[in-house]
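Only one structure is covered here, and it is reproduced in the block below.
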Amino acid sequence: MSESLTRFKVNLWNFGAKGVIIKASAKEGEDDKSKAKLYFKLDFDKGHTQLDSKPVREKDDAVAWGTSKAFEYVTKHGDKLERKSLRIACWRSILLFPDKEVGSAQVDLHTLATGPSRLDLVLRDEDSNPVGHIYFEATMSQFVERAVVTLANVKLRMDAGSTPVEPGAKLSLCYGRMPYIKVETREHANACTSEEETTWSDLPILPLQECSCHDISRESIFLTVSRKKQVVGTAEIPIGPLFEVRSLQGRSFEALVLVPDGSKQVATITGTIAFRDTPWLAQLVGGVLSEAGIVEATDLFPSHGPVRLMVRGAEKPKSLATADVPLQDFAHADLGDQSEEQQEQVQDQEQDQVQEEKKETAEAVKSSRSTGSSVFSPGHIQRLMLAKNKFKSLMTPPSEDTRPEALVQASLESDEIRELVQKLQDQHKVGLAGLQLSFETQRERQRQRLEQRKKQRKNMPKMDAPLAPQASAPLAESGATPVSTANYSVALAPTSAAQDLGKSNAGESPSMPPASSPQVQVQLSKALEDLLRDAERSMFQDLDAKPPPTAMVNPARSEKPLPARWERRFDAQGNSYFTFPRERDGTVFTTWEDPRLVPVDWEMRVDQEACTIIFFHEPTGMSVFHDPRGLPAGWICFPDLDTKALTFMCDGAVTDQDPRGLPPGWRAEIDKSKGNLLFFHEAVTGLDPTADPRKLNGVTEELRQVWRQTQFLEWIDLRSADQSQGAQRDLLQNIEAAETAFVAWQDAQYGIVSAQFEALQLNLLSLDPVPTDQESNEVMRRFKVREEALLQGWRAEREKIRAAVQQATMST
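Numbering (the UniProt record's numbering), first residue to last: 1 to 812.
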């Protein structure tokens, strides 16, 4: 095909209309108008492709059509797409009357190829009056037959302490989706400049077939350095952050070279990457195209306002003026305030960075297990912060220093107050002793529950020790007693009542103060409310200032969440099943199969038309009816681009023969020279490896199905057990850590409440005139009521901590 032609893959679907105004003619009555049905006619580039839908009656002032269309669009005028257009018209159909056009809308093809995939257009009649809205989704992706990626000046510098690369080393290149090309360096000795640095030059090109801008942005190049048939290390170069449309100059890259298991860095590899013959048009990610421009854009960066996410260097819609954000920055957005659809888009863009995050944190995680420090990658910390932010939003930090210990310290500076404190020591001890008893009862119950949790953990399979948090340093304040916990420390001011806490004289009664005037009640009420308000504002200050116990979550041991729109339910017998909503009739599709138990890069979906399960392969973007599950260990599969049948891969070799369903004791390998399967028995030797045991004499179709089903169930049970045991172990571990931190925090809060009680007593005695016995008792009663409310609030906060830990575990 000529190089001057521009090619696009166009998909149109999800058509609908709302608020359509149907005008009845003189011959048509209101009854006929209510029976009208609506359909649309679509014309792509003046007759190139036309699409008509079936008439459908309106429901709730809206109508939806299940029509879709996919085709390839080729034009010689790719630089003049703004002169071409897509026109869609809404028609009404009434029985016994001719059909009539209600209104139409159009959009130029350049905007369609560079704007959002969702469109909401205004229908206008022949007088240009608005008569409703019509919406649909359209992807118009430009693709080229062959884009070229070139690496140059690739240099390898070994880290200190690593073994230098010997002459004759090899550099292998492949794309992240599947192996494509390998390069062997034969002139290594001439290119070596030092013992630590090795240079490769004149590397061959890496072509990409049938690709779009988004395909290139999601790709990665894997580099493997080997010597004497042994792999020195591997590195990954994500193309997304480096790709730019029509870039004449190469861009520099730098990547870490890790050992095959990713546990240690051995070198750094640098070089330049250049792109040629790439597409120059790409659609935006997020947003809805309307007459007002891009509305409801993906709000990833609130400080910048509405944005459109685009491939770097791609052409922009000529009629729109919104902020541009490169598509490569899409994966760095925070997931906290996004909808499910926006999170799905972010996850699609994060695929290029998943492997890079794992390699960057592999050495840090390994070191943290030996030192006991907490180390997380940026992606993990981002998810853990969600639970922390939700937990912190329940508390309001104080705007000034009104903590109880500060009030007590200020009161003790007065000699007169010190004397009053000595006179009322007995009354202080009674109140503090009762408060201490209530807290000790709560702590004892929590310790008993912790012991039960520890016994449950002993019965679980052995696992790595949890990452221990670093204890905060005690506060160095003069005259302050530090109370350190696992996550924070607070300093309580020493008081005479606190020092003599163990010398309680609960049997003695305090002396009765003289009577007072009614004005005292107003003063008492105001003082009491101020003190209790200050106590509430400062009660959770220490916990709010430090990360909650949800930082103990280990992301590597969390259960995988359900895919989008899937829901787990239970029947009357307690058996779990899974549902998926059907858009056509509002019903749900049910299945016993867990949609999470699928191989890597696969996703289980529901075909809306056939109402059956299909499997979507993300790297190729293809959906097939073939089940990819149940493969032996070390095998992967992907759909063939032409036949859509499954292709199987093991140890770098591929075949179209299915290795599943072998009898017990048999295993399959791929003959790399011919691409056929070879069969071997674990205990019997000397058999013909080309003879398929599934086709021997005496093997019936029923027996083959039994073998296949047995292997499939073993595969499902293995993946299910890994997920359930890992999730249970993590949940017990996180709840134990949260409860331990909460007990320590509650001990610190007990000291704060004790100081609050002293401050209240001192402020009562400082009033003039001194309150009566009845008034003092009323104040103490109200304090006890508020104290019990605080205790109940702490119990509720403990449950919130457990819920936050569980939610963070499930979400990561």
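We put the beta carbon where it would ideally sit given N, CA and C, even for glycine.
I need the boundaries of the alpha helix (DSSP H) containing residue i, first residue and last residue.
{"i": "residue 201", "result": "No alpha helix (DSSP H) holds residue 201; DSSP gives it neither H nor E."}
{"i": "residue 110", "result": "109-114"}
For the beta strand (DSSP E) holding residue i, just list the boundary residues, first then last.
{"i": "residue 215", "result": "Taken as a continuous stretch (DSSP letters only), residue 215 belongs to no beta strand (DSSP E), being part of the alpha helix (DSSP H) at 213-217."}
{"i": "residue 77", "result": "No beta strand (DSSP E) contains residue 77, which DSSP labels as neither H nor E."}
{"i": "residue 258", "result": "251-258"}
{"i": "residue 587", "result": "Here residue 587 belongs to no beta strand (DSSP E), and DSSP marks it neither H nor E."}
{"i": "residue 153", "result": "130-158"}
{"i": "residue 630", "result": "Premise fails: residue 630 is in no beta strand (DSSP E) and is neither H nor E."}
{"i": "residue 607", "result": "602-607"}
{"i": "residue 567", "result": "567-570"}
{"i": "residue 265", "result": "265-276"}
{"i": "residue 36", "result": "Neither: residue 36 is in no beta strand (DSSP E) and is coded neither H nor E."}
{"i": "residue 614", "result": "612-617"}
Using DSSP with H/G/I as helix, E/B as strand and the rest coil, what is residue i?
{"i": "residue 521", "result": "Residue placement at residue 521 is poorly supported in this model, since its pLDDT is 46, which falls under 50; the coordinates still yield a value, given next. In this structure, residue 521 counts as helix in the three-state DSSP scheme."}
{"i": "residue 796", "result": "helix"}
{"i": "residue 625", "result": "coil"}
{"i": "residue 695", "result": "helix"}
{"i": "residue 5", "result": "coil"}
{"i": "residue 685", "result": "coil"}
{"i": "residue 72", "result": "strand"}
{"i": "residue 45", "result": "coil"}
{"i": "residue 240", "result": "helix"}
{"i": "residue 60", "result": "coil"}
{"i": "residue 709", "result": "helix"}
{"i": "residue 126", "result": "coil"}
{"i": "residue 789", "result": "helix"}
{"i": "residue 94", "result": "coil"}
{"i": "residue 210", "result": "strand"}
{"i": "residue 486", "result": "Because residue 486 carries a pLDDT of 29, less than 50, the predicted location of this residue cannot be relied on, and no value is offered for it."}
{"i": "residue 284", "result": "coil"}
{"i": "residue 226", "result": "strand"}
{"i": "residue 576", "result": "strand"}
{"i": "residue 172", "result": "strand"}
{"i": "residue 85", "result": "strand"}
{"i": "residue 52", "result": "strand"}
{"i": "residue 673", "result": "coil"}
If I measure Cβ to Cβ from residue i and keep anything under 7 Å in the same chain, skipping five residues before and after, which residues do I get?
{"i": "residue 53", "result": "15, 39, 40, 65, 67"}
{"i": "residue 689", "result": "678, 679, 680"}
{"i": "residue 267", "result": "156, 157, 158, 159, 162, 233, 257"}
{"i": "residue 144", "result": "211, 277, 278, 279"}
{"i": "residue 255", "result": "235, 236, 237, 269"}
For residue i, which residues from the same chain have a beta carbon less than 6 Å from its beta carbon, with the 5 sequence-adjacent residues on both sides left out?
{"i": "residue 36", "result": "22, 92, 94"}
{"i": "residue 675", "result": "655"}
{"i": "residue 46", "result": "none"}
{"i": "residue 667", "result": "680"}
{"i": "residue 44", "result": "86"}
{"i": "residue 69", "result": "12, 51"}
{"i": "residue 84", "result": "45, 109"}
{"i": "residue 135", "result": "16, 120"}
Going by the beta-carbon positions, is the gap between residue i and residue j smaller than 9 Å?
{"i": "residue 253", "j": "residue 213", "result": "no"}
{"i": "residue 678", "j": "residue 671", "result": "yes"}
{"i": "residue 171", "j": "residue 149", "result": "no"}
{"i": "residue 58", "j": "residue 107", "result": "no"}
{"i": "residue 75", "j": "residue 5", "result": "yes"}
{"i": "residue 101", "j": "residue 89", "result": "yes"}
{"i": "residue 592", "j": "residue 628", "result": "no"}
{"i": "residue 224", "j": "residue 250", "result": "no"}
{"i": "residue 626", "j": "residue 653", "result": "no"}
{"i": "residue 82", "j": "residue 110", "result": "yes"}
Going along the chain, which residues of its own chain have a beta-carbon closer than 8 Å to the beta-carbon of residue i, five neighbours each way excluded?
{"i": "residue 621", "result": "none"}
{"i": "residue 799", "result": "none"}
{"i": "residue 715", "result": "629, 630, 631"}
{"i": "residue 637", "result": "599, 628, 631, 646, 647, 648, 649"}
Distance cutoff 9 Å, beta carbons only. Does residue i sit that close to anything in chain D?
{"i": "residue 264", "result": "Absent from the structure is chain D; it holds one protein chain and no more."}
### Query
So does the segment 227-238 actually touch the segment 116-124, counting three or more Cβ pairs closer than 8 Å?
As far as the Cβ criterion goes, the segment 227-238 does not touch the segment 116-124, which means the pair count is below three.
### Query
Within the chosen definition, does the segment 694-709 reach the segment 562-575 through at least 3 CB pairs nearer than 8 Å?
They do not touch, by the three-pair rule.
### Message
With three or more C-beta pairs closer than 8 Å as the rule, is the segment 575-584 touching the segment 696-710?
### Response
Short answer: they don't touch.
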